[in-house]
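Residue 1 is where the sequence shown starts when you use my numbering, and the numbers rise one by one after that.
The structure appears below as structure tokens.
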Amino acid sequence: MTKESTSKDFSKQKRIKIHQPDANKADRFNPSNSIYVRAVTGLWTTVRRRIGWATMSFFLILPWLPWGDRQAVWFNLGEQKFHIFSLTIWPQDLTLLAALFTIAAFGLFFVTTYLGRVWCGYTCPQTVWTFIFIWFEEKFEGARNKRIKLDQMPWSFNKLWRKTAKHTSWVLVSLLTAMTFVSYFVPSREVYIDVFTLNADLSIYFWVVFFTLATYGNAGWMREIMCIHMCPYARFQAAMFDKNTYIVGYDAKRGETRGPRSRKANPVEMGLGDCIDCDLCVQVCPTGIDIRNGLQYECINCGACIDACDTTMERMGYDKGLISYTTENKLENIKETIVRPKLVGYGVALTVMILVFVYASATIAPVRMDVIRDRNALYRITNDGLVENTYTLKLLNKTEQAQEYQLSMTGLDNYQWTGPTDVSIQAGEVLTLPVSIAVDPGALERTVTKINLIVVANIDGKPVSIKQESRFFGD
């Protein structure tokens, strides 16, 4: 008895376009194409996965770390304070943030000049989250060929539950990402409790929904489009590359001419190189390029094609490294140069900025004083015949506790101080103090005298003193 086949004919069904970029085209943007990334194992895939999971774990855990009575990292926009562990950055200290951004920029330039786009391939959030989404995709829809087949199938219960499970996992990861991101600006415990008890402010709901949709769209749907067309880094990286920059490169001298063959075949007798034209390097690439066409701006240096090719070479009994992290000079058998002007320049700039930031953050004053002169009159003569100048002092306590401060002045002898000299200021409070300074006109040697207003405090057992220069006007 012949058993009737239950297999289905997919030949007449709608075909899914598989993304195969044309190296001769300047613009490869075609959102209707789909890249089905093939799973691969190997050294660089393992490294990338471990760095990716570490990056995501760091991002998720950081807002939950306590630091005193607050979380360790908290960008408090309401009070205009950025808390980064023991460092608190006020609006008056935004130069520190500028220094941090400059350090990040020069750090990226330095690493890119030396190692290429390893930031993109290993630690960029777009790449990390994309591979996490692909991991869920593989769990629910299967390997690459199964996913292609599933998309070609008509809708059925099997397809529906797999697609639903995949997109549900994407949404949950996106929601967790959005909640965590918002937790950097609103205390994390408040975010989770208020959102799920429907007591959160509308602005919090807006940003949670916004970043959920953004993560879902970027990592689930846009993927390589973000890397190739929307991220400016892919465009201006060429300004940092040189022939000694490490790239993912294909050794054409060894690999060409390409062609399939059996494991026992002699490629030399067949006139072939080591490349067996299996296309695995294309199938594992998250941006869908063929690295054998040479260096392309779409390459994010993730190393997936290296692992795929090394696996094939090992199976064929050939030496590994047909595709590898290399340099253009090395591929052309030219001696590599590690120390070069561009790399040294970025390294020096990076070192200088790190030293500046360390010094500035270590010497940042825990109190700030602004002195504003009375704009209505330069000076006035009191009933006692003294010359009097009036000032407004604004004192900011930048510490986490209430502090006691003492006020004084230098630059004049035998002066009279009208106003408080000992004040208490709560944590984060700005205290405005009007003070007047009077002196005998005979004691003035000139019409404009430079003075220094001084505030002194004892903070955490250490004496702190700052001074602000001003002018005293007289006859």
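Where a beta carbon is used, it is the ideal one built from N, C-alpha and C, also for glycine.
Bridge partners - residue i, DSSP secondary structure assignment
| i | result |
| --- | --- |
| Glu404 | Ser424 |
| Met409 | Leu453 |
| Leu198 | Paired residue(s): none; Leu198 is not in a bridge. |
| Leu393 | Val371, Leu433 |
| Tyr216 | BP columns for Tyr216 are empty, so no partner. |
| Pro463 | Asn458 |
| Ile323 | Tyr250 |
| Val439 | Val387 |
| Asn144 | Note on residue identity: the sequence assigns Arg, not Asn, to residue 144. For Arg144, which the question treats as bridged, DSSP gives no partner whatsoever. |
| Glu469 | Asn452 |
| Gln71 | Pro66 |
Straight-line gap, residue i to residue j (C-alpha atoms, nearest Å)
| i | j | result |
| --- | --- | --- |
| Lys398 | Pro63 | 22 Å |
| Ile35 | Pro286 | 7 Å |
| Ile466 | Lys342 | 41 Å |
| Lys163 | Arg38 | 18 Å |
| Pro463 | Ala360 | 18 Å |
| Tyr205 | Phe75 | 18 Å |
| Tyr246 | Thr326 | 5 Å |
| Phe59 | Ala98 | 22 Å |
| Tyr318 | Gly249 | 18 Å |
| Tyr233 | Cys302 | 15 Å |
| Met56 | Ile300 | 19 Å |
| Asp440 | Asn414 | 8 Å |
| Met270 | Met316 | 15 Å |
| Leu431 | Pro91 | 16 Å |
| Asn266 | Leu272 | 9 Å |
| Arg368 | Ile425 | 12 Å |
| Thr123 | Ala54 | 9 Å |
| Gly107 | Trp119 | 10 Å |
| Lys320 | Glu314 | 7 Å |
| Ala438 | Glu429 | 29 Å |
| Cys305 | Ile289 | 10 Å |
| Cys281 | Ala252 | 14 Å |
| Ser436 | Tyr391 | 6 Å |
| Ser470 | Leu395 | 15 Å |
| Thr410 | Ile451 | 6 Å |
| Gly78 | Cys309 | 53 Å |
| Tyr130 | Arg375 | Residue 130 is actually Thr in this sequence, not Tyr. C-alpha separation (whole angstroms): 59 Å. |
| Asn383 | Gln403 | 36 Å |
| Leu444 | Gln416 | 14 Å |
| Ile459 | Gln401 | 9 Å |
| Asn30 | Lys159 | With a pLDDT of only 46 at Asn30, under 50, the local geometry of the prediction cannot be trusted, and the value read off the model is given with reservation. So the alpha carbons of these two residues sit roughly 25 Å apart. |
| Ile18 | Glu224 | Low confidence applies here, because Ile18 scores a pLDDT of 40, under 50, leaving its location unreliable and the question unanswered by this model. |
| Asn199 | Thr311 | 54 Å |
| Gly121 | Ile291 | 15 Å |
| Ala23 | Leu322 | With a pLDDT of only 43 at Ala23, under 50, the local geometry of the prediction cannot be trusted, and the value read off the model is given with reservation. Ala23 and Leu322: Cα-Cα distance of roughly 20 Å. |
| Trp207 | Arg235 | 29 Å |
| Val348 | Thr337 | 18 Å |
Collapsed DSSP secondary structure at residue i in the structure displayed
| i | result |
| --- | --- |
| Lys81 | strand |
| Ile228 | helix |
| Tyr114 | helix |
| Arg368 | strand |
| Arg446 | coil |
| Ser169 | helix |
| Val339 | coil |
| Ser34 | strand |
| Asn478 | Residue 478 lies beyond the range of the chain shown here (1 to 475); nothing can be said about it. |
| Pro91 | helix |
| Pro63 | helix |
| Phe206 | helix |
| Trp417 | strand |
| Arg223 | coil |
| Ile381 | strand |
| Met353 | helix |
| Ile193 | helix |
| Val182 | helix |
| Lys149 | helix |
| Trp44 | helix |
| Ala105 | helix |
| Gly474 | coil |
Residue i beta carbon near the ligand FMN (any heavy atom closer than 6 Å)
| i | result |
| --- | --- |
| Gly294 | In terms of ligand content, the structure shown is empty, and the ligand FMN therefore cannot be addressed. |
Any alpha helix (DSSP H) of 4 or more consecutive residues that is wholly inside the region 237-310:
Here the runs fully enclosed are 252-255, 267-270, 280-283.
Decide if the region 204-222 is in contact with the region 174-193; the criterion is three or more beta carbon pairs, one per stretch, under 8 Å apart.
yes
For the region 146-162 against the region 329-342, do three or more pairs of beta-carbon atoms, one drawn from each stretch, fall closer than 8 Å, so that the two count as touching?
no
Would you check if the region 110-119 and the region 342-352 touch, i.e. whether three or more CB-CB distances between them fall below 8 Å?
With the cut-off at 8 Å, the region 342-352 and the region 110-119 touch.
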